[in-house]
Every structure is written in structure tokens, then in C-alpha cells.
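S.K.:
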Amino acid sequence: DAGVIQSPRHEVTEMGQEVTLRCKPISGHNSLFWYRQTMMRGLELLIYFNNNVPIDDSGMPEDRFSAKMPNASFSTLKIQPSEPRDSAVYFCASSLDRGVVGTDTQYFGPGTRLTVL
Amino acid sequence: GDSVTQMEGPVTLSEEAFLTINCTYTATGYPSLFWYVQYPGEGLQLLLKATKADDKGSNKGFEATYRKETTSFHLEKGSVQVSDSAVYFCALSDLAGANSKLTFGKGITLSVRP
Numbered sequence: 109d110a111g112v113i114q115s116p117r118h119e120v121t122e123m124g125q126e127v128t129l130r131c132k133p134i135s136g137h138n139s140l141f142w143y144r145q146t147m148m149r150g151l152e153l154l155i156y157f158n159n160n161v162p163i164d165d166s167g168m169p170e171d172r173f174s175a176k177m178p179n180a181s182f183s184t185l186k187i188q189p190s191e192p193r194d195s196a197v198y199f200c201a202s203s204l205d206r207g208v209v210g211t212d213t214q215y216f217g218p219g220t221r222l223t224v225l
Numbered sequence: 033g034d035s036v037t038q039m040e041g042p043v044t045l046s047e048e049a050f051l052t053i054n055c056t057y058t059a060t061g062y063p064s065l066f067w068y069v070q071y072p073g074e075g076l077q078l079l080l081k082a083t084k085a086d087d088k089g090s091n092k093g094f095e096a097t098y099r100k101e102t103t104s105f106h107l108e109k110g111s112v113q114v115s116d117s118a119v120y121f122c123a124l125s126d127l128a129g130a131n132s133k134l135t136f137g138k139g140i141t142l143s144v145r146p
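Top line first, the protein sequences correspond to chains A and B.
Counting from 109, one number per residue, gives the positions in the first sequence under our numbering.
Counting from 33, one number per residue, gives the positions in the second sequence under our numbering.
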């Protein structure tokens, strides 16, 4: 299995531009998570989906951030407009929720390093 | 709400030294506990986990025991190697919540000198 795939691996953009991050979860997994990692705030959960439905988006910082999961094999995280404080590493993770909550391992992608100038 | 507290870092050890990284938690229900490791330039990966009190998780020489009485899940390794240099995250998943969301600690950086 290829694992969780994220693209791009690195993104440099200017303030005000739209940024789209992409994630392909592990085939067969039914939960998908978007995280943001910074030195100041550590690892933060932004949003997660179960069976393509957003379950908890309380971690999304503001309306500039949006996430979609149109099907079981693809998700996007969009920032519009981007700001320098959005600079971070964004991780996508997936898991197979078998109904025994709390025991399912999350598998992380390699991350996208975003720099907003 | 749920929270995970890890000891302050960074930690620097010599090769073959004994490692302990402390982790304590607060949860409303009966959490499962995890240690994740992040090697430089990579995403997090599961190191070990324990799903109920007194369970011991182990992997790659690392161990952690779920201590409900002290709400702790300390990570230990008897003899660290240079290849263990990474960031280590303690996390919990609370069974009281109907989801698989993880709550992470802030992480601690371990550097092992040859």
C-alpha cells in the first residue's frame, strides 16, 4: 500500500493567493483528518471526516479555511485568501473506524510545507 | 475537556542511555493511549498504544504502561540509539466521545549523541 499521499510536498505562495492542499487516504479507510503543525502551537486538528461527511470542524481557524471530501479517495484543504500566519506543515491522516472508537490507528501522510510570503 | 501533558524538552542523551519521557492525561471517559513518533521531514507514525488500564504497549524496544491510578503513560527505552532521534507525541482517544479523534500533547524532541 502506498500509504497516505499528499500533494504538493512544498508550496510557496504570496499573501492573498488561494492555496489548495490535496490528500489521498489509504484505500478502504473511512476516516480522514487534517492537521496543522507549527512550532508555536504544535499539532492541531483542523477537521475530520467519517464516510466523507465532516464530523468536527471546530479546529478550522476561520472562514478562510475550507475542506471537502467529494469521495472516499480524495480530500482537499483550501485557504483563500492565504496569510503569512498560515505558514505551517499540514498533515493529512486516515484510519479505519471499525466501530470500536478509540482503538483505530491514524496513518499520517508526509505533510505539505506551506510558506506564505 | 480532554488533554495530554508531556514533559518539557528537548532531551539530549548519549547512545545506550536509558530514556523516560513523561506523559499524563485528563479525560472524561476511558481513553486509549498512544505514542506517535515523527522522524525528521516525515509525518507521524504510531509507535505503540494501549487500550485499557494496566495494558503495556511495546515496539522497537520502547514500552509504555497505561496507569489509570496516576493517569500516566510514560514512554521508556532501556538503551537508546542515534536512530531514535525524533519528536515523540503522546496522545489519547476518548471512548466517551463517539469518534476517533486524537488529542495530542505538544511533543518532545529527543536527540541521541553517538
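Every residue gets a Cβ at the ideal spot worked out from N, C-alpha and C, and that includes glycine.
What does the alpha-carbon distance come out to for the pair ILE163 (chain A) and LEU140 (chain A)?
M.R.: Near 10 Å, if we compare the C-alpha coordinates of LEU140 (chain A) and ILE163 (chain A).
S.K.: Taking only beta carbons into account, state which residues of the region 97 to 115 of chain B come closer than 9 Å to chain C, listed in chain order.
M.R.: The structure shown contains no chain C; its protein chains are A and B.
S.K.: How long is the line joining the alpha carbons of THR146 (chain A) and GLU170 (chain A), rounded to whole angstroms?
M.R.: When rounded, the distance between both Cα atoms is 17 Å.
S.K.: If you count every other CB in all the chains shown that lies within 10 Å of the CB of THR220 (chain A), and 16 or more means buried, which is it?
M.R.: Buried: at least 16 other Cβ atoms inside 10 Å.
S.K.: Given this structure, state the Cα-to-Cα distance separating ALA180 (chain A) from ASN138 (chain A), to the nearest angstrom.
M.R.: Looking at the two C-alpha atoms, the distance is approximately 7 Å.
S.K.: By the three-class DSSP mapping on this structure, what secondary structure does ARG221 (chain A) have?
M.R.: ARG221 (chain A): strand per DSSP, three-state reduction.
S.K.: Given a cut-off of 9 Å, decide if ALA96 (chain B) and LEU107 (chain B) are closer than it, judged by their beta-carbon atoms.
M.R.: Going by C-beta atoms, LEU107 (chain B) is nearer than 9 Å to ALA96 (chain B).
S.K.: With a cut-off of 9 Å, does the C-beta of GLU48 (chain B) fall near any C-beta of chain A?
M.R.: Judged by the 9 Å Cβ criterion, GLU48 (chain B) is not in contact with chain A.
S.K.: Is ARG144 (chain A) near the ligand GDP, judged by its Cβ being under 8 Å from some heavy atom?
M.R.: Of ligands this structure carries none, so the ligand GDP is not represented either.
S.K.: Within a Cβ cutoff of 8 Å, which residues of the same chain sit near SER104 (chain B), ignoring the five residues on either side of it in sequence?
M.R.: For SER104 (chain B), where only same-chain residues beyond five positions count, the Cβ hits under 8 Å are ASN54, CYS55, THR56, TYR57.
S.K.: Using a Cβ-Cβ cut-off of 9 Å, state whether PRO218 (chain A) counts as contacting chain B.
M.R.: Cβ-Cβ to chain B under 9 Å: yes for PRO218 (chain A).
S.K.: Which residues in the same chain as MET123 (chain A) place their Cβ atom closer than 8 Å to its Cβ, once the five residues preceding and following it in sequence are excluded?
M.R.: Closer than 8 Å at Cβ, skipping near neighbours: PRO189, SER190, GLU191, PRO192, VAL224, LEU225.
S.K.: If contacts are defined as beta-carbon pairs under 8 Å, then GLU47 (chain B) and VAL112 (chain B) qualify, I think. What distance do you get, rounded to the angstrom?
M.R.: Right, the Cβ-Cβ distance comes to about 7 Å (below 8 Å), so this counts as a contact.
S.K.: Going by CA-CA distance only, name the one from B:LYS138, B:ARG145, B:PRO146 that's closest to GLN70 (chain B).
M.R.: Ranking B:LYS138, B:ARG145, B:PRO146 by Cα distance to GLN70 (chain B) puts B:LYS138 first.
S.K.: Within 10 Å of its beta-carbon, does PHE66 (chain B) have 16 or more other beta-carbons around it, so buried, or fewer, so exposed?
M.R.: PHE66 (chain B) comes out buried.
S.K.: What do you reckon, are the CB atoms on LEU204 (chain A) and CYS131 (chain A) nearer than 9 Å?
M.R.: For LEU204 (chain A) and CYS131 (chain A), no; Cβs fall outside 9 Å.
S.K.: Under 9 Å, do LEU142 (chain B) and ALA59 (chain B) count as touching if we go by C-beta distance?
M.R.: It is not a contact, given that the beta carbons lie outside the stated cut-off.
S.K.: Within the continuous beta strand (DSSP E) that includes GLN145 (chain A), where are the two ends?
M.R.: That run of the beta strand (DSSP E) goes 139 to 146.
S.K.: Please classify PHE216 (chain A) as buried or exposed, where buried requires at least 16 neighbouring CB atoms within 10 angstroms.
M.R.: By the neighbour-count rule (16 or more Cβ atoms within 10 Å), PHE216 (chain A) is buried.
S.K.: Leaving out five residues before and five after MET177 (chain A) in sequence, what residues of the same chain have Cβ atoms less than 7 Å from its Cβ?
M.R.: Closer than 7 Å at Cβ, skipping near neighbours: LEU140, PHE157, ASN160, SER183.
S.K.: Within the 9 Å Cβ cut-off, does GLY136 (chain A) reach chain B?
M.R.: No - not a single Cβ of chain B is within 9 Å of the one on GLY136 (chain A).
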